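J.:
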Amino acid sequence: MDELEDTADVATMVDEADQRRAKLDYWRSRGADPFGSRFVRTHSSRQIIDGFADLEGKHVSIAGRVMAFRGHGKASFLDIADLAGRIQVYARHDALGDEQYGMLQQVDIGDIIGVAGEVFRTRRGEISVALSSFTMLSKSLRPLPEKWHGLKDVDIRYRQRYVDLIVNPEVRDTFITRTRIVSAIRSFLDKRGFLEVETPSMHAIAGGATARPFITHHNALDMDLYLRIATELHLKRLIVGGLERVYEIGRIFRNEGISTRHNPEFTSVELYQAYADYHDMMEITENLVAHAAREALGATRITYQGSAIDLTPPWPRITMSEAVRQRTGVDFMAMSHEEARGACRRMGLDVPEHATRGACLSEAYEEKVEASLIQPTFIMDYPIEVSPLAKKRSDNPELTYRFEAVCAGRELANAFSELNDPIDQRERFLAQAVARERGDDEAHMMDEDFVTALEYGLPPTGGMGLGVDRLVMLLTDSASIRDVILFPLMRPRE
RNA sequence: GGGCCGCUAGCUCAGUCGGUAGAGCACCGGACUUUUAAUCCGGGUGUCGCGGGUUCGAAUCCCGCGCGGCUCACCA
Numbered sequence: 002m003d004e005l006e007d008t009a010d011v012a013t014m015v016d017e018a019d020q021r022r023a024k025l026d027y028w029r030s031r032g033a034d035p036f037g038s039r040f041v042r043t044h045s046s047r048q049i050i051d052g053f054a055d056l057e058g059k060h061v062s063i064a065g066r067v068m069a070f071r072g073h074g075k076a077s078f079l080d081i082a083d084l085a086g087r088i089q090v091y092a093r094h095d096a097l098g099d100e101q102y103g104m105l106q107q108v109d110i111g112d113i114i115g116v117a118g119e120v121f122r123t124r125r126g127e128i129s130v131a132l133s134s135f136t137m138l139s140k141s142l143r144p145l146p147e148k149w150h151g152l153k154d155v156d157i158r159y160r161q162r163y164v165d166l167i168v169n170p171e172v173r174d175t176f177i178t179r180t181r182i183v184s185a186i187r188s189f190l191d192k193r194g195f196l197e198v199e200t201p202s203m204h205a206i207a208g209g210a211t212a213r214p215f216i217t218h219h220n221a222l223d224m225d226l227y228l229r230i231a232t233e234l235h236l237k238r239l240i241v242g243g244l245e246r247v248y249e250i251g252r253i254f255r256n257e258g259i260s261t262r263h264n265p266e267f268t269s270v271e272l273y274q275a276y277a278d279y280h281d282m283m284e285i286t287e288n289l290v291a292h293a294a295r296e297a298l299g300a301t302r303i304t305y306q307g308s309a310i311d312l313t314p315p316w317p318r319i320t321m322s323e324a325v326r327q328r329t330g331v332d333f334m335a336m337s338h339e340e341a342r343g344a345c346r347r348m349g350l351d352v353p354e355h356a357t358r359g360a361c362l363s364e365a366y367e368e369k370v371e372a373s374l375i376q377p378t379f380i381m382d383y384p385i386e387v388s389p390l391a392k393k394r395s396d397n398p399e400l401t402y403r404f405e406a407v408c409a410g411r412e413l414a415n416a417f418s419e420l421n422d423p424i425d426q427r428e429r430f431l432a433q434a435v436a437r438e439r440g441d442d443e444a445h446m447m448d449e450d451f452v453t454a455l456e457y458g459l460p461p462t463g464g465m466g467l468g469v470d471r472l473v474m475l476l477t478d479s480a481s482i483r484d485v486i487l488f489p490l491m492r493p494r495e
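The working numbering numbers the first residue of the first sequence as 2 and each following residue consecutively.
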């Protein structure tokens with residue numbers, strides 16, 4: 002067996018990273034590039050295991066990261082991980098010869114190698130590859146976290162997601178599921194005739210939602226720009242333009258707090274359908290979510306954080322007013338503004354001096370009802386005060402044709418029959434501008450061009466927005482939004 | 001931003017009343033030709049998050065700071 006002649010001092014090195022770095026010279030001295038190049042694989046680990054009946058005795062080549070090494074003197078076992086899974090490799094001294102077998106003993110856990118050999122099943126029944134040759138493809142210079150407990154330190158997991166992905170298979174599964182969910186959203190909408198479009202991320206006016214924006218600066222134009230807080234207003238301009246059915250899956254930026262449910266940048270899908278209304282949006286929402294669940298999980302009955310949730314359509318529909326009345330016994334819309342404020346205060350809710358009954362209703366819903374709605378539910382007919390872009394009800398101008406889909410105690414989607422009356426829209430913006438003047442820096446900004454677009458004529462339109470990250474959390478049973486975002490925002494170290 | 005909790009070896013974690021820092025995995029050396037958390041023998045590899053303070057002596061007690069987690073506020 003070969004000795005580590007060029008790196009005789011490896012044994013004296015305390016630091017494992019130093020030991021691994023010293024091995025670079027070992028591989029070079031054997032004519033092997035420790036950072037190799039192209040390698041042709043014939044199979045994935047999964048293909049060999051699934052196709053064992055046909056592959057037994059056949060020669061295959063695979064590549065991947067060494068995740069375990071079990072040496073038995075003149076025989077060794079390695080576990081090789083690739084995207085599809087893991088497979089065991091069995092190496093024998095008498096099959097490889099002194100030199101090759103000696104080199105194999107210098108492989109470290111974490112190294113990426115290519116392997117060729119014959120498929121067989123061990124005495125203990127494990128499908129394996131009997132090694133006939135191997136190639137160092139990439140020498141790993143840092144030790145991996147422990148094989149049994151994995152990597153738990155969430156700080157390292159989020160900052161160094163690549164390590165998390167190497168050692169925690171369930172993390173990789175979560176992100177693969179995320180990709181499937183996004184694909185399912187696309188296929189569902191494409192099939193229904195929606196056009197996927199891309200609208201600007203940098204806005205002169207940040208509109209379409211109630212949120213604080215990030216500000217950036219364009220040097221050549223010498224102007225401040227906002228990162229978008231919604232895709233809504235541009236998508237509706239496209240409906241004005243006659244595109245009729247559009248959607249955008251896009252990154253949204255909101256300059257607000259970070260929590261288990263909030264990341265400063267997140268992904269939404271917004272869709273708009275001409276000649277539709279919010280009832281159509283309810284049908285789309287429940288079927289879109291059910292489709293995503295089926296594609297990603299194969300089922301519409303799921304468990305989220307210990308709660309059984311049935312996403313099978315149709316979902317119950319209830320007005321906000323009725324939901325609040327059932328839960329609290331208070332019928333806000335039958336009260337005067339003053340009585341409504343009193344009712345809120347008796348519930349322990351802090352409402353502003355001139356809060357309307359609609360604002361009180363909304364407050365009572367958010368504080369007293371929303372968190373208790375575990376099964377998917379459509380909460381309909383939001384007050385106009387909190388819905389500046391939604392069409393008002395023809396039978397009650399204090400309410401709008403707006404709903405939110407709620408599930409697991411939180412908002413999943415928000416939708417309405419779009420306000421297409423430019424005169425009304427201008428008044429709503431003006432009311433928001435007054436709120437801004439009063440210091441509400443989350444109130445909507447006046448967008449003159451959007452009103453101009455409406456003046457050209459927006460057909461009656463239904464629109465819906467859904468938080469993709471929240472949907473992924475729900476379908477992957479993730480407690481934190483950081484578990485479904487590959488690289489969540491973290492404060493820099495030091 | 002407020003409150004609570006955490007930070008010790010590469011990783012997962014112990015660490016008593018303030019008395020020279022310790023276990024598993026990983027790693028290094030040795031044995032072992034079908035193991036699989038391989039096994040057996042030997043080896044502890046450390047800026048106890050950082051900076052001050054108290055003390056003869058601090059991982060441990062006190063103060064400040066940093067980063068993270070949970071939570072409240074805000075929001076999707």
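For glycine and all other residues, C-beta sits at the position ideal for the given N, C-alpha and C.
Source: prediction; values computed, not measured.
Label E4 either buried or exposed according to how many other C-beta atoms from any shown protein chain fall within 10 Å of its C-beta, with 16 as the threshold for buried.
T.: Bear in mind that the predicted position of E4 carries a pLDDT of just 35, short of 50, making it too unreliable to give a figure here.
J.: Check whether the Cβ atoms of A335 and T313 sit closer than 8 Å, and answer yes or no.
T.: Not a contact, by the Cβ cut-off of 8 Å.
J.: Taking the beta strand (DSSP E) that E449 falls in, what are its first and last residues?
T.: Element bounds for E449: not the beta strand (DSSP E) but the alpha helix (DSSP H), 449–458.
J.: For the beta strand (DSSP E) that R252 lies in, which residues bound it at each end?
T.: 246–254
J.: In chain order, what residues of the same chain have a beta carbon less than 6 Å from the beta carbon of H235, not counting five sequence neighbours either side?
T.: T200
J.: Determine the extent of the alpha helix (DSSP H) in which Q48 is found, giving its start and end residues.
T.: 46–51
J.: Smallest Cα separation from D55: which of D19, I128, S38, K75?
T.: I128
J.: Going straight from the alpha carbon of R358 to that of T329, what length do you get?
T.: 15 Å
J.: Only counting the same chain, and skipping five residues up and downstream in sequence, which positions put a Cβ closer than 7 Å to that of T136?
T.: Hits under 7 Å: G37, F40, I114, G115.
J.: Quick one: Cα of A436 to Cα of H204, how far?
T.: 21 Å
J.: Between which two residues does the beta strand (DSSP E) holding G468 run?
T.: 462–468
J.: Tell me which same chain residues have a C-beta within less than 8 Å of the C-beta of D470, skipping the five on either side of it?
T.: N264, F267, T268, I482, V485, I486
J.: Quickly, what does DSSP pair H263 with across the bridge? List them, please.
T.: S260
J.: What are the start and end residues of the beta strand (DSSP E) that includes A82?
T.: 76–83
J.: Do you know whose CA, among L413, A406, M447, lies nearest P423's CA?
T.: M447
J.: Give me whichever residues DSSP pairs with I240 in a beta bridge.
T.: Note: I240 sits in no beta bridge, so no partner.
J.: Does the region 184–199 come within contact of the region 239–252, defined as at least 3 CB pairs closer than 8 Å?
T.: yes
J.: I need the straight-line Cα distance from L79 to K148, nearest angstrom please.
T.: 13 Å
J.: Starting from A1, trace the beta strand (DSSP E) in both directions and tell me its first and last residue.
T.: With the chain running from 2 to 495 in the structure shown, residue 1 is simply not present.
J.: Compare the Cα-Cα distances from E257 to each of D109, G343, L400, F215 and report the closest residue.
T.: Measuring from the Cα of E257, the nearest candidate turns out to be F215.
J.: What separation, rounded to the nearest whole angstrom, lies between the Cα atoms of I240 and A434?
T.: Going by the C-alpha atoms only, they are around 25 Å apart.
J.: List the endpoints of the continuous alpha helix (DSSP H) containing R483.
T.: Counting along the chain, R483 falls outside any alpha helix (DSSP H), and DSSP gives it neither H nor E.
J.: Quick check on K192: buried or exposed, where buried means 16 or more other Cβ atoms within 10 Å of its Cβ?
T.: exposed
J.: Decide yes or no for the touch test of the region 373–384 against the region 404–411: beta carbon pairs closer than 8 Å, at least 3 of them.
T.: yes
J.: Check the C-beta distance from E271 over to G466 and give it rounded, since I have them as a contact under 8 Å.
T.: 4 Å
J.: Use the C-beta contact count for K153: other C-beta atoms within 10 angstroms, 16 or more gives buried, fewer gives exposed.
T.: When all chains shown are included, K153 counts as exposed.
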